[in-house]
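Heads up: the sequence shown begins at 82 in this note's numbering, then just goes up one per residue. Here a beta-carbon is modelled for each residue, glycine too, at the ideal position from N, C-alpha and C. This one's a predicted model, so the numbers in the text were calculated from it and none came from an experiment. Below is one structure; the comments refer to it alone.
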Amino acid sequence: MAKLAIANTNRAIVELLEITENPRHRFMLQAYYRHRYLEIAGRYEEIFAPDMMVEDPVYHFHALGISTRLEGQDAIKNLYRTWSETGECVMYTDDEEVAVSDHMIASKLTGYQFKPGHILAAAGIDVDDHDAMYIYKASEEMVWPYDDRCRLVGEDVWEVDPDRAEIIKLDPADVITPQEARQILDPFIRPLPAFDETAMRPARPQRSRIVAG
């Protein structure tokens, strides 16, 4: 397969921002956009900025060959650090729907994550080359809760049907390294806007939804 166009992975968020007027929802979507590109680019330290994440986040992963609960910034930072070292931070989304409300962002998508062969083998997945890079492709659903100050409280990520996941071996020419991902995504990573504290409070109930093909 050809190299994935990782710069397009946030297109559903961009399309939703174009029709979202609620200031709180817009701030959360911009934080969501920034978080995902920082993660893919290996700039994970910036995800833990005090205006983006609470002090004691909790992640639940039941997807992409992982089933775990991570509590606290140190545990989550260790995961991101490992992914940056192994190349697993490089991801892509397709067929995504995104919805936003006052305290959460929900997403339904097809996810692609780079996985070294030896990592897959250690997870009990049969691969023919432990030294090669693969893509783990699967249908996922995510809920990211946020607090009253629009800071990330955690991530809840599920793989809808693990039995239907695809393991795709990559030609070396199609591998994107974390360094290449950073070069590609740095121009798209914007600082969060200044936000009036009074607007941080939840507004009247409102939801928005968009589908990216």
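Could you check which residue in the options has the C-alpha nearest to that of residue i?
{"i": "Val171", "options": "Tyr118, Lys158, Val95", "result": "Tyr118"}
{"i": "Cys231", "options": "Arg271, Gln111, Asn91, Ala93", "result": "Gln111"}
{"i": "Glu178", "options": "Ala93, Ala254, His184", "result": "Ala93"}
{"i": "Met82", "options": "Arg271, Asp255, Pro274", "result": "Asp255"}
{"i": "Val181", "options": "Ala262, His106, Ile270", "result": "His106"}
{"i": "Asp137", "options": "Ile257, Lys158, Pro104", "result": "Lys158"}
Quick check: the Cα distance between residue i and residue j, rounded to an integer number of angstroms?
{"i": "Ile206", "j": "Ile216", "result": "12 Å"}
{"i": "Tyr161", "j": "Glu102", "result": "32 Å"}
{"i": "Leu151", "j": "Leu233", "result": "14 Å"}
{"i": "Gly294", "j": "His211", "result": "With a pLDDT of only 46 at Gly294, under 50, the local geometry of the prediction cannot be trusted, and the value read off the model is given with reservation. So the two alpha carbons sit approximately 34 Å from each other."}
{"i": "Asn91", "j": "Pro259", "result": "17 Å"}
{"i": "Gln287", "j": "Met133", "result": "In this predicted model, Gln287 has a pLDDT of only 49, less than 50, meaning its place in the structure is not dependable enough to derive any value."}
{"i": "Ala219", "j": "Phe269", "result": "25 Å"}
{"i": "Val95", "j": "Ala88", "result": "12 Å"}
Give me, in chain order, the residues of the same chain whose beta-carbon lies closer than 8 Å to that of residue i; leave out the 5 immediate sequence neighbours on both sides.
{"i": "Trp239", "result": "His143, Ala144, Glu221, Glu222, Met223"}
{"i": "Arg357", "result": "An answer regarding residue 357 cannot be provided, because it is not within the stretch 82 to 294 covered by the chain."}
Taking the continuous beta strand (DSSP E) assigned at residue i, which residues delimit it?
{"i": "Met172", "result": "172-182"}
{"i": "Phe195", "result": "185-197"}
{"i": "Thr149", "result": "147-152"}
Got a sec? Which residues, its chain only, sit under 6 Å from residue i by beta carbon, not counting five neighbours each side?
{"i": "Phe129", "result": "Gln154"}
{"i": "Phe276", "result": "Phe108"}
{"i": "Trp164", "result": "Cys170"}
Is it true that the CB of residue j sits closer than 8 Å to the CB of residue i?
{"i": "Leu251", "j": "Met214", "result": "yes"}
{"i": "Thr174", "j": "Thr191", "result": "yes"}
Here's a check: name, in chain order, each residue in its chain whose Cβ is nearer than 7 Å to the Cβ of residue i, leaving out the five neighbours to either side.
{"i": "Trp225", "result": "Tyr113, Met185, Ile186, Leu233, Glu236"}
{"i": "Pro197", "result": "Thr167, Gly168, Met214"}
{"i": "Arg271", "result": "Arg115"}
Residue i lies in the alpha helix (DSSP H); which residues open and close that run?
{"i": "Tyr227", "result": "Premise fails: Tyr227 is in no alpha helix (DSSP H) and is neither H nor E."}
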